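For the sequence shown, the numbering used here begins at 27 and goes up steadily by one. Backbone N, C-alpha and C define an ideal beta-carbon position, used for all residues, glycine too. Please read these numbers as outputs of a predicted model, since none were measured by experiment.
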Amino acid sequence: MEELAGKVALVTGGSRGIGAAIAQRLARGGAAVALTYSSSADKARAVAKQIDADGGRALVIQADNADPRAVTAAVERTVEDLGRIDILVNNAGIFTGGPLEAATVEEADRLWAVNVRAALVAAQAAARHMGEGGRIIMIGSALTERVPAAGLTLYAMTKSALTGLTKGLARDLGPRGITVSVVHGGLIDTDMNPADGPGAEFLRTVPALGRYGRAEDIAAAVAHLAGADGRYITGAAITVDGGFAA
């Protein structure tokens with residue numbers, strides 16, 4: 027259970043939902059974990075407090091993914107305070123949906139900045155400090171494979187871009203022994219997409235399993251990729267969606 031002992035992980039957007047589950051799972055594996063938040067300071071501190079109470083080590087960093095300087099600074103702070111960085115999980119993201127006619131360039135630019143550009147910037151910064159065995163893991167979406175309703179175009183665009191980013195980084199960093207993969211999560215019960223929220227009745231019919239997944243389901247896939255068993259997985263898109271795209 028301590029296969030990540032001695033490792034340091036940075037999880038962006040780790041204050042709630044999938045990010046919090048990932049941070050806690052990696053900490054249980056023995057990693058020291060830095061987690062960023064944009065505005066949910068209390069939630070981020072609560073995640074860190076739980077990690078500390080469980081015998082782990084956590085570092086909380088305020089960073090807005092829309093600001094490239096803040097993203098880079100979060101990586102540098104992780105290295106400065108925790109001594110290194112072995113695992114980067116690009117989880118932070120935002121969602122907007124609605125009619126295509128109502129979409130604006132400003133909205134598209136912000137989605138791109140937070141969901142895609144920040145992942146590239148963080149990967150560049152982390153790769154400068156990573157050695158053999160480093161792991162970079164993106165959190166994407168099953169919407170890259172199937173868009174079951176209208177109004178999701180901009181979000182699906184940004185999450186689809188993470189697959190191309192992952193494959194390119196895998197080629198760039200493979201010679202250094204650093205792996206890069208993306209986990210495409212499906213219908214996951216979080217505060218951004220609650221199982222009792224608007225549209226949940228329809229959405230529940232989309233996955234083959236007919237239900238929402240849990241944040242821990244995504245965290246388990248991330249832990250596998252981050253650990254020793256993930257050493258030969260790179261450039262891969264791993265789908266954890268309960269058959270959303272089946």
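Residue i versus the options, residue with shortest Cα-Cα distance
i	options	result
PHE121	VAL142, VAL115 and ARG110	VAL142
LEU146	VAL208, ALA252 and GLY236	VAL208
GLY32	GLN76, GLY109 and GLU102	GLY109
LEU235	GLY211, HIS210, PHE270 and THR216	PHE270
ALA175	GLY123, ALA46 and ALA152	GLY123
GLY40	PRO94, VAL115 and VAL34	VAL115
THR170	LEU199, THR179 and PRO201	THR179
ASP217	TYR238, HIS210 and ASP198	TYR238
ASN91	PRO201, HIS210, ALA149 and GLY225	ALA149
GLY1	ASP68, ALA247 and ALA263	Residue 1 cannot be examined here, being either before or after the span of the chain that is shown, 27 to 272.
ARG172	ILE165, LYS185 and ALA58	LYS185
TYR181	ARG136, GLY223 and ILE162	ARG136
GLY212	GLU227, ALA196, VAL232 and ASP198	VAL232
GLN88	VAL37, LEU126 and ALA57	VAL37
GLY43	ARG230, ALA272, GLY256 and ILE165	ILE165
ILE77	SER66, ALA96, ALA67 and ALA57	ALA57
Limits of the unbroken alpha helix (DSSP H) element including residue i
i	result
LEU251	241-252
GLY211	It is not in any alpha helix (DSSP H) - GLY211 instead sits in the beta strand (DSSP E) that spans 205-211.
ILE77	67-79
ALA60	That residue, ALA60, is in no alpha helix (DSSP H); its beta strand (DSSP E) goes 58-63.
Residue interval of the beta strand (DSSP E) (run including residue i)
i	result
VAL140	VAL140 -> no beta strand (DSSP E), and no H or E assigned at all.
ALA47	Careful: ALA47 lies outside any beta strand (DSSP E), inside the alpha helix (DSSP H) at 43-54.
ALA35	34-37
Cα-Cα separation between residue i and residue j, rounded to whole angstroms
i	j	result
GLY159	THR205	7 Å
ARG154	ALA35	15 Å
THR192	GLU28	27 Å
GLY268	ALA151	33 Å
THR62	PHE228	33 Å
ASP93	ALA134	15 Å
VAL157	ALA144	In the sequence as displayed, the identity of residue 157 is Gly instead of Val. Using only the alpha carbons, I get a separation of about 21 Å.
TYR258	GLY203	10 Å
Identified DSSP bridge partners for residue i
i	result
THR265	HIS210
VAL115	VAL37 and ILE163
VAL86	LEU61
For the structure I just gave you, are there three or more beta carbon pairs, one from the segment 236-255 and one from the segment 49-69, closer than 8 Å?
yes
For the segment 125-138 and the segment 73-83, state whether three or more C-beta atom pairs, one from each stretch, are separated by less than 8 Å.
no
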